[in-house]
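I have placed the structure first, in the form of structure tokens, so that the comments after it can refer back to it.
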Amino acid sequence: MKKLMTIFGAFLTASIVLTSCGSDDPKENGTDAGELECECKEIDKEIEANNKEIGRLEWTGDKASEESREQIAELEMANIELWDERGDLEEEIAELKNKQWTATEKEDDKKHWLEDYNDAKDEYVKENCKDD
């Protein structure tokens, strides 16, 4: 019985993972990719704000203090984490876009799929991403 439950759990986990990787629908994937693109833009804003703050702090010279160097180090570490998170989002976007290869069989179908994907992504970004 325990082996049966383990096997059932493995199949359940695999099915959840496989269904969460996007669908074959180009518009749905494009919308999902647009949402992820908006998250990337927010991360870019955070990195830019961190870099501005780093620029205001002194690392060397007469005005440099231990506290200022610690703040710079913390901001740089935060940027590393943000870049890592952004990379994960870019990977998810690529996975959604790569569905074109399994969702289509003919070259023309792939072109149409990609056009629909890009249109949906661009539309989502235009309507939902904050341009502050």
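At position 60 of the sequence shown (counting the first as 1) the number is 60 in my numbering, and the numbers step up by one without a gap. Think of the CB as a built atom: it goes at the ideal place given N, C-alpha and C, for glycine as much as any other residue. If you're wondering where the values come from, they're calculated on a predicted model, not measured in any experiment.
What's the gap between the Cα of I80 and the Cα of R56? Translated into positions along the sequence shown, residue 80 becomes position 80. Translated into positions along the sequence shown, residue 56 becomes position 56. When rounded, the distance between both Cα atoms is 19 Å.
Leaving out the 5 sequence neighbours to the left and right, which residues in its chain are closer than 6 Å to E37 when beta-carbon positions are compared? Here residue 37 is taken as the residue at index 37 of the sequence shown, counted from 1. Once the five neighbours on either side are set aside, the close Cβ partners of E37 are V125.
Under the three-state reduction of DSSP, which class applies to K49: helix, strand or coil? Counted from its first residue, the sequence shown places residue 49 at position 49. The sequence shown places Ala at residue 49, rather than the Lys named in the question. DSSP places A49 in helix when its eight states are reduced to three.
Three or more beta-carbon pairs under 8 Å between the segment 64-73 and the segment 106-121, yes or no? In this structure the segment 64-73 does not touch the segment 106-121; the number of beta carbon pairs closer than 8 Å is below three.
Compute the Euclidean distance between the alpha carbons of D119 and G61, then round it to the nearest angstrom. The residue given as residue 119 occupies position 119 in the sequence shown. The residue given as residue 61 occupies position 61 in the sequence shown. If you take the alpha carbons of D119 and G61, they lie about 52 Å apart.
Bounding residues of the alpha helix (DSSP H) (the contiguous stretch that carries G61): In the sequence shown, residue 61 corresponds to position 61, counting from 1. No alpha helix (DSSP H) contains G61, which DSSP labels as neither H nor E.
Bounding residues of the alpha helix (DSSP H) (the contiguous stretch that carries E107): Mapped onto the sequence shown, residue 107 falls at position 107. First-last of the alpha helix (DSSP H) with E107: 107-128.
Cβ neighbours of E53 in the same chain (closer than 8 Å, five flanking residues each side left out): Against the sequence shown, residue 53 aligns to sequence position 53. So the qualifying residues of the chain are Q71, L75.
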